[in-house]
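Each remark here refers to the structure printed beneath this line.
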Amino acid sequence: MDGLVNVSRRRFLKASGVAGGGLVVGFTLTGCSSSAPPVVRLEGDFVPNAFLQITPENHFRFYCPRDEMGQGVNTGLTTLVAEELDVAPWEIEVLWAGVHSDYANPEFGVQGTGGSTSIKAHYRQLRQVGANVRAVLLEAAAGQLGRPVAALSTEDGHVLVDGERHPYGHFVAAAAAFAMPAEAPLKPASEFKYIGKEFARIDALEKSTGTAEFGIDIDVPGLHHGVVRRCPVAGGALKSFRDDKARSVPGITDVVEIGSGVAVVADRYWAAKKGAQALEVEWSLPPLASLDTERLQADYRVGLDRDGDVTGERGDLDAGFRQASQVVDNEYWAPYLAHAPMEPMNAVVRIEGGEADVWTGSQGIVAAQGLVARYSGLEKSKVRAHNTYLGGGFGRRATLTHVIEATQLAVATGKPIKVLWSREDDIQSGIYRPASLMRIKAGVDDAGRLTAWQAKRVGGNITPDTLGNMMPALLPGAVGDGVIDWMVGLADGAFDGWVVDHSSIEGLYEDYDTPNREVRHVTVNHGLPLTFWRSVGHSYTAFAKETMMDELAAKAGLDAVEFRLRNTQDKPRLHNVIRVAGERLRQWPRRPGRHLGFAAHSSFSTDVAEVAEVSVDNGAIKVHRVLCVVDCGVAVNPDIVRAQMEGSVMYGLTAALHGELDLENGAIKQSNFHDYPILRMNEAPAVDVVIIDSTEEPTGVGEPGLPPIAPAVANAVFAATGQRLRSLPLKLA
Amino acid sequence: MIEFTLYGIRVQTDESPDTPLLWAVRDTFKLKGSKFGCGAGFCGSCTMHVDGEAVRTCVLPIAAVAGKAVTTIEGLAEPDQLHPLQEAWVSHSVPQCGYCQPGQIMSAAALLARNPNANEAEVESAMAGNICRCGCYPRIKQAILSVAGQASGPSLDDLATEVS
Ligand code: FES
Ligand code: FES
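Protein chains in written order, with this note's numbering: chain C, 9 to 741; chain B, 19 to 182.
What follows is the structure, given as structure tokens:
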């Protein structure tokens, strides 16, 4: 990939000439219509749609509609449009799209990035965008060159005719006059130049030189910094505070009471931080303040005996258990987790002359705009929302409390404000992957086939909390705050006893052919705010399901792979990744003291099987090597697919080996990386990724590598020690 | 008034002496490449070189760098040049979100400056102070080993052939 370093370097030099690129203010195409996409116009440019911009100098810009948080979506989506436009992806300048309905995630209907949807959702749309624009350029070229379209071809941003190369840019003026075809034909896969090919991700250079701009890097003239003290228990309220010591810190300009607590504002971050520490604050504590992990688990245990709400019913469960020759019945525990993205939450808000700007790396820029409008009283059309690179997302950056805080401070002080959370804020005042108590009772017959599967999960619901947090951003401005509070409260309880929140139980029952099954959910929610965490429900259900499968296999006298193969007759893709990983497992170069564990799981329409090679030394679990076999349809960028599998394995291993938040008097006990440890290089296994060749449309990649890793390791630990571990994180007795 | 050099340029600041170097560099000198990850010395996002040593600057007061030479990711290579590690980072497509990478590269550069042929164990121990939440560890390790002239660990296929 040497040539690519040079290409990237050119891009870097180009980019470095544009200082403060994040401060460019977008304006609409027509200057007046609120429906035109926010595109920064260039002299003589051709802007055929919300996504592409081509200049007479043959400069290409792509407005990337999804948020780049490490998953490589800027490379991937640029590749889609580039393939059909016939321009090398690394020759295209990628800008973050502003707020506009054209940038909606086709799968969600609004602008939002998550659920491993981006490539899958935009696969046809963005190729079509590229193909249509190429078709129009060809028509313009044909007219200008006096040749039929059939005599023209394209290569690398040029029209080729009679041995001559004409840059697309020569035809942009003429192209603007042509009507866009509805559906220019797409390339057959056999002609792909970039999709499915190996090349370095387009942002590698920026991200290796410190020039990639994250939200935390945004600076505007007169910027002030806000540091917020929040109640250590979620849902608590401010009772009183004394700020004389805080105000004596040099540089402090304001101390402001805001919705989430008290904020100290200063002309630099360190002063604000010291000021906030010097505040003396008293809180009115909510009922949650009496909760600790032990009582939470006791409450969940009581919940396990409740009937709860039924979903996923099929066949006749009693009959299924009667047919079984073996029945296994186990409970599984998974704790609360924080996402802990490397970049703590932050946002910059500037309100000036009846207009506002917000800069933040978010998984939904439209929510940032909505929140600023809501909390400043401005119309949404007066709020420009600017995206940046995200220093990790994992679901955390869909909830934007920090944008509310920055807005409230900007309103109160009249200054442009950056709010930055500390790591302690991130871990203790965040929004969490819920704790779960699960029970699975399953039966298997003499032929090694599952006859019955009864599963129950106890815990808080994931989706309503997240929606509740988004609602103020998404509702129209005319709805009053009181009404919103009421609706948010409604959402909290909306799923209880009405319908089961699928996110909370996904993955607990779907993968295997089970003629008789029943899934129940018992909502026990103590009020710690919950949200999507990389792979969501699958992050704990796969652990329960796949360690259960290992026990059932043993009961049935079958090996782990054979047992899973017998029970995936109706799931050809899952069956196949199990088969391929199983073959590799059989040929695995065995070493003394090393033990293997197997697990497979489908999530986000992608199928993954993993093998973990583990040793156990003095009770310490070490994972040496992981094999990951993935079928995600067409791998638009195979190297990024590999990177996502590697990263998901590491993220999942942190949860499997270390991840645990405890409650003490309603507050999270852990605070930073010393007591909420993240996997480090010396603990990181080698990861071998096998991508199944496929011509099917792409499916999710950012999350599906995660769910199988904890059970694969737990199953290897059983092989090593004979101990069945049914709680996360994995700890040997 | 505290004075030090920032990749060769003499700079001074009148900020309070307990201000961590990270915040002086980011807020006063407006160099944003060095990142804040934990503020407590646990993650390495804020790593710079002080007199050639990799240091966690979120817990290093500027008083401690008076008269010293500070280098950040912006000054690691000559202008418009890449450090060999940065070349390796790009050719291995190391970064995911990229947030930890300036710190990773500064730690790796300090290691290779004192031990140009560091082996796998030495790389692991020198890099254990840098967290990557995206889990780029296998690629970070390979990129460093490639610059150190060391072979990376075998793949599963390599191992399988060795055994058979
Ligand atoms: S920010 Fe300095 S070590 Fe984490
Ligand atoms: S690349 Fe995201 S934290 Fe390392």
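All C-beta atoms in this analysis are idealised placements derived from N, C-alpha and C, irrespective of residue type, glycine included.
Note that the structure is a prediction, hence the values are computed from the model and not measured.
Query - Bounding residues of the beta strand (DSSP E) (the contiguous stretch that carries C/F249) - result: Judged by DSSP secondary structure, C/F249 falls within the beta strand (DSSP E) whose first and last residues are 245-250.
Query raised in the report: Does C/K215 come within less than 9 Å of chain B when only Cβ atoms are used?
Result: Closer than 9 Å to some Cβ of chain B, the Cβ of C/K215 qualifies, so yes.
Query raised in the report: Across which residues does DSSP place C/D262 in a beta bridge pair?
Result: The partner list for C/D262 (beta bridge, DSSP) reads C/V273.
Report task. Would you decide whether C/I359 is buried or exposed? Buried here means 16 or more other CB atoms lie within 10 Å of its CB. Result -> C/I359 counts as buried, since no fewer than 16 other beta carbons sit within 10 angstroms of its beta carbon.
**Report entry** 8 Å CB neighbourhood of C/T83 in its chain, flanking five on each side removed
**Finding:** Excluding positions up to five away in sequence, the list reads P97, R209, I210, D211, N645, I648.
Query - One or two residues paired with C/P175 in a DSSP bridge - result: Per the DSSP secondary-structure output, C/P175 pairs in a beta bridge with C/H166.
Requested in this report: Less than 8 Å between the CB atoms is what I'm expecting for C/G223 and C/G369, so what's the real figure, rounded?
Outcome: The Cβ separation is near 4 Å, so the contact holds.
Requested in this report: Closer than 6 Å is what we want: which residues have a beta carbon that near any heavy atom of ligand 2? List them in chain order.
Outcome: Residue selection by CB proximity (closer than 6 Å to any heavy atom of ligand 2) returns C/G78, C/M350, C/G400, B/P113, B/Q114, B/C115, B/G116, B/Y117, B/C118, B/Q119, B/C150, B/R151, B/C152, B/C154 in chain order.
**Report entry** ligand 4 site residues, beta-carbon cut 6 Å against heavy atoms
**Finding:** The model depicted lacks ligand 4 and carries ligand 1 and ligand 2 instead.
**Report entry** Residues that C/F329 bridges to, as DSSP identifies them
**Finding:** For C/F329, which the question treats as bridged, DSSP gives no partner whatsoever.
Query raised in the report: Which whole runs of the alpha helix (DSSP H) in the stretch 172-236 of chain C are 4 residues long or more, in chain order?
Result: With a minimum length of 4 residues, the continuous alpha helix (DSSP H) runs that stay inside the stretch 172-236 of chain C are 180-183, 214-217.
Requested in this report: Excluding the 5 residues preceding and the 5 following B/G55 in the sequence, name in chain order all residues of the same chain whose CB lies nearer than 6 Å to its CB.
Outcome: C61, S63.
Query - Contact residues within the stretch 606-635 of chain C, judged by C-beta distance below 8 Å to chain B - result: Interface annotation for the stretch 606-635 of chain C against chain B: R633, L635, criterion Cβ-Cβ distance under 8 Å.
Query raised in the report: Counting Cβ pairs, one atom from each stretch, are 3 or more of them under 8 Å apart for the stretch 198-208 of chain C and the stretch 636-645 of chain C?
Result: Flag = yes, the stretch 198-208 of chain C and the stretch 636-645 of chain C touch.
Query raised in the report: If you compare alpha carbons, which of C/G80, C/L593, C/L160 is closest to C/R633?
Result: Taking the Cα of C/R633 as reference, the smallest distance to any Cα among C/G80, C/L593, C/L160 is reached at C/L593.
Query raised in the report: Closest to C/E554 by CA distance: which of C/T219, C/P229, C/Y340, C/K677 is it?
Result: The shortest Cα separation from C/E554 among C/T219, C/P229, C/Y340, C/K677 belongs to C/Y340.
Query raised in the report: Just how far apart, CA to CA, sit C/G138 and C/A149?
Result: Cα to Cα, the separation comes out at about 16 Å.
Query - Cα-Cα separation, B/G70 to B/L94 - result: In this structure, the CA atom of B/G70 is about 11 Å from the CA atom of B/L94.
Requested in this report: Scan the stretch 690-718 of chain C for residues whose Cβ lies nearer than 7 Å to a Cβ of chain B and list them as they occur along the chain.
Outcome: Flagged, chain order: N690, A692, A694, V695, D696.
Query raised in the report: Can you round the beta-carbon distance between C/V427 and C/N354 to whole angstroms, since I take them to be within the 8 Å contact cut?
Result: At roughly 6 Å, the Cβ-Cβ gap stays under 8 Å, so C/V427 and C/N354 are in contact.
**Report entry** Start-end ranges of the alpha helix (DSSP H) lying completely within the stretch 429-457 of chain C, minimum 4 residues
**Finding:** Qualifying alpha helix (DSSP H) stretches, in chain order: 431-436.
Requested in this report: Can you grab the Cα-Cα spacing for the pair C/W104 / B/C115, in whole Å?
Outcome: When rounded, the distance between both Cα atoms is 15 Å.
Query raised in the report: If you draw a straight line from the alpha carbon of C/M350 to that of B/Y155, how long is it in whole angstroms?
Result: Straight through space, the alpha carbons of B/Y155 and C/M350 are spaced by roughly 14 Å.
Query raised in the report: With distances taken between CB atoms, is the gap from B/I80 to B/A42 smaller than 9 Å?
Result: Yes, these two residues count as a Cβ contact at 9 Å.
Requested in this report: Kindly indicate which residue of C/L194, C/K215, C/Q136, C/V180 has the alpha-carbon position closest to the one of B/P113.
Outcome: The shortest Cα separation from B/P113 among C/L194, C/K215, C/Q136, C/V180 belongs to C/K215.
Requested in this report: Keeping to the same chain, check which residues put their C-beta closer than 6 Å to that of C/S656; ignore five residues upstream and five downstream.
Outcome: For C/S656, the CB contacts under 6 Å within the same chain, skipping 5 residues up- and downstream, are G713, L714 in chain order.
Report task. Following the continuous beta strand (DSSP E) through C/S292, name the residue where it begins and the one where it ends. Result -> Here the beta strand (DSSP E) through C/S292 covers 288-292.
Query raised in the report: From what residue to what residue does the alpha helix (DSSP H) around B/I91 run?
Result: Segment: none, B/I91 is in no alpha helix (DSSP H) and carries neither H nor E.
Report task. Taking only the alpha-carbon atoms, compute the straight-line gap between B/S173 and C/R322 and give it to the nearest angstrom. Result -> One C-alpha to the other measures close to 44 Å.
**Report entry** Within chain C, partners of B/C154 - CB distance below 9 Å
**Finding:** What B/C154 touches in chain C: G78, A651, E654, G655, M658.
Query raised in the report: What residues in its chain sit with their C-beta under 8 Å from that of C/D509, if we drop five residues either side in the sequence?
Result: Within its own chain, the residues whose Cβ lies closer than 8 Å to the Cβ of C/D509, once the five positions on either side in sequence are excluded, are N469, I470, T471, P472, F503, H529, listed in chain order.
**Report entry** Option nearest C/W278 by Cα separation, candidates C/R330, C/I586, C/E91, C/G234
**Finding:** Minimum Cα distance to C/W278 is reached at C/G234.
Report task. Report the option in C/P343, C/E147, C/L213, C/A44 whose CA atom is closest to the CA atom of C/Q662. Result -> According to the sequence provided, residue 662 of chain C is Thr. The question's Gln does not apply to it. When C/P343, C/E147, C/L213, C/A44 are compared, the shortest CA-CA separation from C/T662 is found for C/P343.
Query raised in the report: Roughly how many angstroms lie between the CA atoms of C/R49 and C/T63, to the nearest whole one?
Result: So the alpha carbons of these two residues sit roughly 10 Å apart.
Query raised in the report: Going along the chain, which unbroken runs of the beta strand (DSSP E) with 3 or more residues stay wholly within the stretch 41-120 of chain B?
Result: You should have 65-68, 71-74, 87-89.
Query raised in the report: Grouping DSSP H, G and I as helix and E and B as strand, with all else coil, what is B/S182?
Result: Note that B/S182 scores 49 on pLDDT, short of 50, meaning its location in the model is unreliable; the coordinates nonetheless yield the value given after this. Coil.
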